[in-house]
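**Student:** I am attaching a structure below and will ask some questions about it afterwards.
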Amino acid sequence: MRILDGMHRLKAAELRGDQSIEVVFFDGDEEDAFVAAVSSNARHGMPLSFDDRTAAATRILNSRPHWPDPTIASVTGLDPRTVRALRGLLDVPDPQPTNLVPLQRPRPAAPPRYTELPGKAPVSRLSTPVHQVAQEFELEPCTVVDVLNRLRRGLREVPEVPYGTGPESPAAALPAPSVPAPRALGDPTPLLGHSGPSDATEILLDRVCDELFATLTRRDQRLRARQYLRGLLGTPGRKSIRNIAASVDGPGIDQRLHHFISDSTWNWEPVRTALTRYVARTMEPEAWVIRPVLIPKAGQQAVAVSRRFCPTRGKAVNGQQAVGVLAVSETASTPVSWRLQVPKDWVEDAHRRARAGMPDDISAESLGECTARALLHVLARTGGPDRPVVLDGRDMEHVQILQPLHVAEVPLLVRIPAAMPLQINDPALAGHRTHGPLTARRIVEVARFRRRPVDGPDPAVEKGHLITTVGVQWPAHPHPGAEAPLRLIAVSPVGENVCEELWLTTLTTVSAATVLKLSRLVRRVDRDLESVSQHVGIWDFSGRSFPGWHRHVTLASIANLVRLLARTDYRSDLA
């Protein structure tokens, strides 16, 4: 005799000095005992890791290939689609016969052995393990479950007419074929898109949720996070809480999701930390790109909304100003962290601040300060400046953003305005070093004799452009670290004297072509953010809650990661 589950209860009883303890005896073979132990742990014990649940499902598939996927999923705590994916990966044949027949085709009449089941089952019979009843009557476990459920509801064990043709049939209860069929009872989450996710996507979704939501200690919070994540991926149109809830089955789900996002107590920062580390491991990004984003809003009730100038519209609009930090590679980018710039009038209004749930220590900050702090938060999660940082800083206060980044010794590449003052620090321009600070545009004009085509492994990237590089430094050392050498890089079209772009960088030991290649990552981010907004609704939160805004953009960033990894080759962690 051995213990399948509850060893900690036995140890606790021994420590208390108890002479007896209530037990439930189990009689079965090795595989039956394994199934019972996994099922008991999934229901009552500490949650198993994704790897443990996957290993359990693999063993059950090998020992019981005739079990339907939903049955194995209910035992192991996995999603039925994940079990389906494992069945395909293990090349385990589908259970036969299957109950997954087209709804338009009537099922065959109930086999004669149905009638062997008792019409009125005693209570003890209803509590008999399903697999034992299935073995005794040579039925599929799913068939036994169907019959027992009918008995519990007071119905006949077999319908009066063949399955699929009478008023009790599932087909009769379903809507017209143009309406999607209802989901299974144990799967309250919506499909990923209209055609459903691939097997690899389902496994990926389970793995991402298992790792990134591990800091959510409550099971209901992990469930809501997964529901919200799938809603962001599968809900068409605007990704508001109401629209997401409409695609998730369950009574009161609207209120539950609203509470989970706006009023719950879970902290989004540990989730972002896990997201940042997961992205750094799976994507191996080339750089962090910081991107300020103006989010237009229809009214002034949403959190941190104020009148701001929108360059794309050429006028002032109601909107939120946020700063995103994105991990960027040559082929993709995805956000890992966000910071909301809170206007001064919000900070000074105690009533608005309290209504939005803002922390007491929040303060007004410029766009440059907000940008620097957003990046420093990410660097703290990754353990330091492990990758170059790229940003477009033409509309920022440069001293406010560059000072903390210099102190942190961040490898930086920033686009600057033409009027920014700099001091020449280049041996080839020694005659101009005593002239005092010059604007960046003027320095490039002085060094126009140094223009040359891009010299690198892929010059076609900048075909038709010339670059100019000049050693510079900050004038008069405005802050600690300002004496460090810098490099000014200008990009100009061939045959023109106008500078198209001006970049300032601390990367003085790498080639200009490499630096220029990094600068092009900003363009990728601009394109990808449009896709993020369209597909996962990262800007669709319109509530007044400051924590709600952060939770929504955090989950939307995770949804974008799942969408990205599902369509690329970043799947090494699934092996």
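So the numbering used here is basically just the index in the sequence shown, starting at one, shifted up by 32. From the three backbone atoms N, C-alpha and C, an ideal C-beta is built for every residue, glycine too.
According to DSSP, what are the bridge partners of residue 350?
**Tutor:** For residue 350, which the question treats as bridged, DSSP gives the partners 339.
**Student:** Tell me the rounded alpha-carbon separation between residue 301 and residue 371.
**Tutor:** So the two alpha carbons sit approximately 11 Å from each other.
**Student:** To the nearest angstrom, report how far apart residue 468 and residue 347 are at their CA atoms.
**Tutor:** Looking at the two C-alpha atoms, the distance is approximately 38 Å.
**Student:** To test your reading of the DSSP string, which unbroken alpha helix (DSSP H) runs of 4 or more residues are found completely within the stretch 531 to 589?
**Tutor:** Counting whole runs of 4 or more residues, the stretch 531 to 589 contains the alpha helix (DSSP H) stretches 544 to 551 and 553 to 568.
**Student:** Going by DSSP, what residue range makes up the alpha helix (DSSP H) through residue 476?
**Tutor:** That run of the alpha helix (DSSP H) goes 472 to 478.
**Student:** In three-state terms, what does DSSP make of residue 333?
**Tutor:** Coil.
**Student:** Kindly indicate the opening and closing residues of the alpha helix (DSSP H) around residue 112.
**Tutor:** Start and end: 112 to 122.
**Student:** Using only alpha-carbon positions, find the residue among 531, 375, 507 and 544 that is nearest to residue 519.
**Tutor:** Residue 544 is the option with its Cα nearest to residue 519.
**Student:** Which residues in the same chain as residue 540 place their Cβ atom closer than 8 Å to its Cβ, once the five residues preceding and following it in sequence are excluded?
**Tutor:** Only 503, 517, 518 and 519 meet the Cβ criterion.
**Student:** Do the CB positions of residue 594 and residue 265 come within less than 8 Å of each other?
**Tutor:** Closer than 8 Å, so yes.
**Student:** Exposed or buried, what is residue 420 when buried is set at 16 or more other beta-carbons lying within 10 Å of its beta-carbon?
**Tutor:** Buried, because 16 or more other Cβ atoms sit within 10 Å of the Cβ of residue 420.
**Student:** Which runs of the beta strand (DSSP E), 3 residues or longer, sit entirely within the stretch 44 to 95?
**Tutor:** Fully enclosed beta strand (DSSP E) runs of 3 or longer: not present.
**Student:** Per DSSP, what kind of secondary structure is residue 500 in: helix, strand or coil?
**Tutor:** Strand, per DSSP.
**Student:** Which partner residues does residue 424 have in the DSSP bridge list?
**Tutor:** According to DSSP, residue 424 bridges with 447.
**Student:** Would you mind stating whether residue 585 and residue 271 have Cβ atoms separated by less than 8 Å?
**Tutor:** Not a contact, by the Cβ cut-off of 8 Å.
**Student:** Considering only residues of the same chain and omitting the five flanking positions on each side of residue 452, which have a CB-CB separation below 7 Å?
**Tutor:** Excluding residues within five positions, the ones whose Cβ falls inside 7 Å are 430, 471 and 472.
**Student:** Are the stretch 61 to 70 and the stretch 38 to 50 touching, with three or more C-beta to C-beta distances below 8 Å?
**Tutor:** Touching, no.
**Student:** Hey, quick one: how far does the beta strand (DSSP E) through residue 323 stretch, first residue to last?
**Tutor:** 319 to 328 is the span of the beta strand (DSSP E), which, as asked, contains residue 323.
**Student:** Restricting to Cα atoms, I'd like to know which of 240, 92 and 357 is closest to residue 591.
**Tutor:** Closest option to residue 591, Cα to Cα, is 240.
**Student:** Is it buried or exposed, residue 48, if we count other Cβ atoms within 10 angstroms and call 16 or more buried?
**Tutor:** Exposed, since its Cβ has fewer than 16 Cβ neighbours within 10 Å.
**Student:** Is the stretch 344 to 362 touching the stretch 541 to 561, taking contact as three or more C-beta pairs under 8 Å?
**Tutor:** Contact holds: three or more Cβ-Cβ distances are below 8 Å.
**Student:** Considering residue 410, what are the terminal residues of the alpha helix (DSSP H) in which it resides?
**Tutor:** Taken as a continuous stretch (DSSP letters only), the alpha helix (DSSP H) holding residue 410 covers 399 to 414.
**Student:** Excluding sequence positions up to five away, which residues of its chain have a Cβ less than 8 Å from the Cβ of residue 205?
**Tutor:** Caution is warranted here: a pLDDT of 37 is assigned to residue 205, below 50, making its placement in the model unreliable, and no coordinate value can be reported.
**Student:** Could you please give the first and the last residue of the uninterrupted alpha helix (DSSP H) stretch that includes residue 308?
**Tutor:** Per DSSP, residue 308 belongs to the alpha helix (DSSP H) from 300 to 315.
**Student:** Whole angstroms is fine: what's the gap from residue 238's alpha carbon to residue 589's?
**Tutor:** If you take the alpha carbons of residue 238 and residue 589, they lie about 16 Å apart.
**Student:** Would you call residue 42 buried or exposed, if buried means 16 or more other Cβ atoms sit within 10 Å of its Cβ?
**Tutor:** By the neighbour-count rule (16 or more Cβ atoms within 10 Å), residue 42 is not buried but exposed.
**Student:** Judging by CA-CA distance, which residue of 339, 86, 308 and 366 is the nearest neighbour of residue 244?
**Tutor:** Closest by alpha carbon: 308.
**Student:** If we ignore side chains and look at the alpha-carbon of each, how far apart do residue 327 and residue 56 end up?
**Tutor:** The straight-line gap from Cα to Cα measures roughly 59 Å.
**Student:** Alpha carbon to alpha carbon, what distance is there between residue 521 and residue 236?
**Tutor:** Going by the C-alpha atoms only, they are around 41 Å apart.
**Student:** What does DSSP give as the partner residue(s) for residue 524 in the beta ladder?
**Tutor:** Paired residues: 498.
**Student:** To the nearest angstrom, report how far apart residue 246 and residue 85 are at their CA atoms.
**Tutor:** Going from the Cα of residue 246 to the Cα of residue 85 covers about 15 Å.
**Student:** Is residue 486 helix, strand or coil by DSSP?
**Tutor:** Note: residue 486 maps to coil in three-state DSSP.
**Student:** Please state if the CB of residue 422 and the CB of residue 486 are separated by a distance shorter than 8 Å.
**Tutor:** Cβ distance not < 8 Å, so residue 486 and residue 422 don't count as in contact.
**Student:** Measuring CA to CA, which of 248, 324 and 317 is closest to residue 618?
**Tutor:** Residue 618 lies beyond the stretch modelled for the chain, which goes from 33 to 607, so this question has no answer here.
**Student:** Answer with buried or exposed for residue 365, where buried requires no fewer than 16 other C-beta atoms within 10 angstroms of its C-beta.
**Tutor:** Flag for residue 365 reads buried.
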